[in-house]
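Printed below as a string of C-alpha cells:
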C-alpha cells in the first residue's frame with residue numbers, strides 16, 4: 015500500500031473567495047490537460063465552481079491523477095444528446111420565481127428533518143463527445159452530519175475509489191487510485207473535525223461566507239442544496255416524470271451578484287473555465303416526499319450571434335433505490351483506519367477559511383451575501 019499526502023487546499027495567505035477560485039483552477043487545469051485520467055470522472059469541477067461541496071467537491075478532491083508514468087487510458091465517447099437538455103422558456107414571472115424558491119426551501123427543510131436517507135448514486139459528466147461515469151452509495155443519518163459516501167470510478171486500465179465516513183464528529187476520507195487489479199494502489203487518508211468547523215461557522219461575523227466554508231468542509235446533501243440556494247436563484251417549477259415517479263422540477267440559474275464575483279476572481283483564466291462552467295441547474299424532487307432524485311447541470315448552447323439556442327447536460331447526478339427514514343446500523347457510520355496508514359488532519363484548513371472571511375469582514379471588505 016502506497017500512501018501519499020492530501021490534496022493541497024488554499025493557502026492561509028489567500029482570501030476565502032480567491033482561494034476557492036485558485037483551487038477551482040487547479041482542478042480545471044487537470045480537467046483540461048489530463049482528459050485521460052480519472053480526474054475527469056469527478057463532478058468536482060462543476061461543484062466547486064458553484065460552491066457545492068458534497069458529491070462533487072470531495073470526489074473531485076479524492077481522485078487524483080495517477081503517477082506520470084502510468085499509461086493513459088482512452089475515454090468513452092458518446093452522443094451529447096440528453097433528455098434534460100431542453101431549452102428554457104422565457105423570463106419567469108414573479109409568481110414562478112416564488113414557487114421555485116418555496117420548493118427548494120421546503121425540500122431543504124424536509125431533508126434536514128429526515129432520520130435517514132439511503133440511495134445508490136450514478137454520476138455522468140459530459141464534455142464534448144466524451145461521457146464518463148461513476149457509481150456509488152450515499153447514506154445519511156441523525157444527528158447531522160452523520161454520513162457514509164462510497165464512490166467508484168474507472169476509465170480504461172485506471173480505477174479510483176472514495177470512502178467517506180462521518181459519525182457526527184469526525185469525517186474520515188479514504189482515497190485510492192491505481193490500475194485495475196493493482197495490489198498496491200496509491201492511497202490517502204484524511205480527517206476533519208466537523209463540529210469544530212460548525213462551531214467556527216456559528217461564531218463567525220460573516221455568516222454567508224462562513225457557511226460556505228463549513229459546507230465545503232462538511233458536505234452532505236443538505237449542504238449541497240444550501241449552496242445551490244445561496245449561489246443560484248429559482249426560475250420556475252415544472253412537473254416531469256423520472257424513474258417512474260412524478261417530480262416537481264426546480265429550474266435555477268446563477269445569482270448575478272455571485273456570478274460577477276466569480277468572473278472577477280477568475281480574471282484572465284475565465285476563458286479556460288467557461289467550457290466547463292454550467293449556466294443552469296435542474297433538480298428533480300419526488301412530488302410527494304420532495305426527496306431529490308436527480309440533479310442536472312446544464313450548459314447553454316449559443317449561435318454565432320450569441321443567442322441561446324438550447325442546452326446540453328454537463329453533469330447529471332442520479333439517486334436510485336432510495337430509502338427514507340429506514341433503520342440504519344450504527345456501524346454504518348464507524349470508520350477503522352487501516353493498519354500502518356497515517357491520517358492527516360485538515361480541520362484547521364477549513365477553520366482558517368472561515369477566520370479569513372471574518373478578518374475581511376471586520377476590516378471593511380465585506381463580501382455581499384449570496385442569495
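In the numbering used here, the protein residues as written are 15 to 385. Glycine included, every Cβ here is placed at the ideal spot set by N, Cα and C.
Among 172, 181, 202 and 201, the one whose alpha carbon lies nearest that of residue 193
Taking the first residue of the chain shown as 1, we reach residue 193 at position 179. Residue 193 has its Cα closest to that of 172, out of 172, 181, 202 and 201.
Between the alpha carbons of residue 299 and residue 305, how many angstroms are there, rounded?
The residue labelled residue 299 in the question sits at position 285 within the chain shown. The residue labelled residue 305 in the question sits at position 291 within the chain shown. Their Cα atoms are separated by approximately 5 Å.
Under the three-state reduction of DSSP, which class applies to residue 133: helix, strand or coil?
Here the question's residue 133 lines up with position 119 in the chain shown. Correct three-state label for residue 133: strand.
Q | Close Cβ partners of residue 256 (< 6 Å) along its chain, the five nearest in sequence each way excluded | A | Here residue 256 refers to the residue found at position 242 when the chain shown is read from its first residue. So the qualifying residues of the chain are 298, 307 and 308.
Could you pull out every residue in the same chain whose Cβ sits closer than 8 Å to the Cβ of residue 348, ignoring the five residues on either side in sequence?
-> Against the chain shown, residue 348 aligns to sequence position 334. Taken in chain order, the residues that qualify are 179 and 181.
| query | Among the residues of its own chain, which have a CB less than 8 Å from the CB of residue 210, if the five just before and after it don't count? | reply | Translated into positions along the chain shown, residue 210 becomes position 196. So the list reads 361 and 365, once near-sequence residues are dropped.
Cα-Cα separation, residue 368 to residue 176: In the chain shown, residue 368 corresponds to position 354, counting from 1. In the chain shown, residue 176 corresponds to position 162, counting from 1. If you take the alpha carbons of residue 368 and residue 176, they lie about 26 Å apart.
Quick one, which of 195, 170, 162 and 197 has its alpha-carbon nearest residue 188's?
Taking the chain shown and counting its residues from 1, the one referred to as residue 188 is at position 174. Nearest of 195, 170, 162 and 197 to residue 188, Cα basis: 162.
Through-space distance from residue 197 to residue 287, alpha-carbon basis:
Along the chain shown, read from residue 1 onward, the residue named residue 287 stands at position 273. Along the chain shown, read from residue 1 onward, the residue named residue 197 stands at position 183. One C-alpha to the other measures close to 36 Å.
Determine which residues share a DSSP beta bridge with residue 150 and list them. Sequence index remark: in the chain shown, residue 150 carries index 136 (1-based). Its beta-bridge partners are 135 and 165.
### Message
Whether or not the segment 116–136 and the segment 316–329 are in contact is what I'm after, with contact meaning three or more pairs of Cβ atoms, one per stretch, closer than 8 Å; do they touch?
### Response
no
Take the Cβ of residue 313 as the centre, count every other Cβ of all protein chains shown within 10 Å, and call the residue buried at 16 or more, exposed below.
-> The count along the chain shown starts at 1 and reaches residue 313 at position 299. Per the 10 Å Cβ criterion, buried.
- The beta strand (DSSP E) spanning residue 311 covers which residue range? The residue given as residue 311 occupies position 297 in the chain shown. First-last of the beta strand (DSSP E) with residue 311: 306–316.
- [ ] State the CB to CB distance for the pair residue 190 and residue 205, rounded to an integer number of angstroms; the pair is presumed to be in contact (CB under 8 Å).
- [x] For the purposes of this step, residue 190 is taken as residue 176 along the chain shown, with counting starting at 1. For the purposes of this step, residue 205 is taken as residue 191 along the chain shown, with counting starting at 1. About 16 Å; that fails the 8 Å criterion.
Fill in: Supposed contact pair residue 352 and residue 234 - C-beta distance, whole angstroms, cut 8 Å
The count along the chain shown starts at 1 and reaches residue 234 at position 220. The count along the chain shown starts at 1 and reaches residue 352 at position 338. No, residue 234 and residue 352 are not in contact; Cβ-Cβ is about 24 Å, not under 8 Å.
Fill in: Three-state class that DSSP yields for residue 155 in the structure shown
Numbered from its first residue, the chain shown carries residue 155 at position 141. Looking at residue 155 - three-state DSSP - the assignment turns out to be strand.
Provide the residue(s) that pair with residue 160 in DSSP beta bridges, ordered along the chain. As a working mapping, residue 160 is identified with position 146 in the chain shown. Its beta-bridge partners are 155.
- When we look at the beta-carbon of residue 183 and count the other beta-carbons within 10 Å, is it buried (16 or more) or exposed? Locating residue 183 in the chain shown gives position 169, where the first residue counts as 1. The residue in question, residue 183, is exposed, as its Cβ has fewer than 16 Cβ neighbours within 10 Å.
Note to self: Please identify the residue among 355, 338 and 254 whose C-alpha is closest to the C-alpha of residue 301.
What the structure shows: Locating residue 301 in the chain shown gives position 287, where the first residue counts as 1. Checking every option, the nearest Cα to that of residue 301 belongs to 254.
Would you mind stating whether residue 251 and residue 262 have Cβ atoms separated by less than 8 Å? In the chain shown, residue 251 corresponds to position 237, counting from 1. In the chain shown, residue 262 corresponds to position 248, counting from 1. A contact, by the Cβ cut-off of 8 Å.
For residue 327, list the residues DSSP reports as bridge partners.
Taking the first residue of the chain shown as 1, we reach residue 327 at position 313. Answer is 312.
Could you give the first and the last residue of the continuous beta strand (DSSP E) run that contains residue 267? Walking along the chain shown from the start, residue 267 turns up at place 253. Residue 267 -> beta strand (DSSP E) spans 259–268.
Go to residue 175, then tell me how far its beta strand (DSSP E) extends in each direction, as first and last residue.
-> Taking the first residue of the chain shown as 1, we reach residue 175 at position 161. Counting along the chain, the beta strand (DSSP E) containing residue 175 begins and ends at 172–180.
Per the DSSP calculation, residue 252 is bridged to which residue(s)? Within the chain shown, numbered from 1, the residue matching residue 252 stands at position 238. Answer by DSSP bridge pairing, in chain order: 263.
I'd like to check one pair, residue 333 with residue 296: are the Cβ atoms closer than 8 Å? Reading the chain shown from its first residue, position 282 is the one you call residue 296. Reading the chain shown from its first residue, position 319 is the one you call residue 333. Against a cut-off of 8 Å, the Cβ pair of residue 333 and residue 296 comes out as no contact.
Exercise. Between 157, 354, 311 and 337, which lies nearest to residue 127 when the distance is taken from Cα to Cα?
Worked result: Here the question's residue 127 lines up with position 113 in the chain shown. With distances taken between Cα atoms, residue 127 lies closest to 157.
(Q) Does residue 350 come out as helix, strand or coil in the three-state DSSP assignment? (A) Start at 1 with the first residue of the chain shown, and residue 350 comes out as number 336. Coil, per DSSP.
Requested in this report: Output the distance between the C-alpha atoms of residue 236 and residue 125, rounded to the nearest integer angstrom.
Outcome: For the purposes of this step, residue 236 is identified with residue 222 of the chain shown, where counting begins at 1. For the purposes of this step, residue 125 is identified with residue 111 of the chain shown, where counting begins at 1. Straight-line Cα distance between these residues: approximately 7 Å.
**Message:** Taking a contact to mean a Cβ-Cβ separation below 8 Å, would you say residue 150 touches residue 166 in this structure?
**Reply:** As a working note, residue 150 is residue 136 in the chain shown. As a working note, residue 166 is residue 152 in the chain shown. Contact: yes.
| said: On the CB-based measure, 16 or more other CB atoms within 10 Å of its CB, does residue 294 come out buried or exposed? | reply: Counted from its first residue, the chain shown places residue 294 at position 280. So residue 294 counts as buried.
Next on the checklist: Quick check on DSSP: helix, strand or coil for residue 290?
Outcome noted: Here residue 290 corresponds to residue number 276 of the chain shown, with the count starting at 1. In the structure shown, residue 290 sits in a helix (DSSP, three-state: H, G or I).
Three-state secondary structure assigned by DSSP to residue 215:
Taking the chain shown and counting its residues from 1, the one referred to as residue 215 is at position 201. Reduced to three states, the DSSP call for residue 215 is helix.
Look at the alpha carbon of residue 412 and the alpha carbon of residue 104, and state the distance between them as a whole number of angstroms. Outside the shown range of the chain, which is 15 to 385, sits residue 412, and nothing can be said about it.
- request: Could you name the residues that DSSP lists as bridge partners for residue 395?
  value: Coverage of the chain is limited to positions 15 through 385, which leaves residue 395 absent and any answer about it impossible.
- For residue 340, does the three-state DSSP call read helix, strand or coil? Here the question's residue 340 lines up with position 326 in the chain shown. Here residue 340 sits in coil by DSSP.
(message) Starting from residue 283, trace the alpha helix (DSSP H) in both directions and tell me its first and last residue.
(response) The residue labelled residue 283 in the question sits at position 269 within the chain shown. Neither: residue 283 is in no alpha helix (DSSP H) and is coded neither H nor E.
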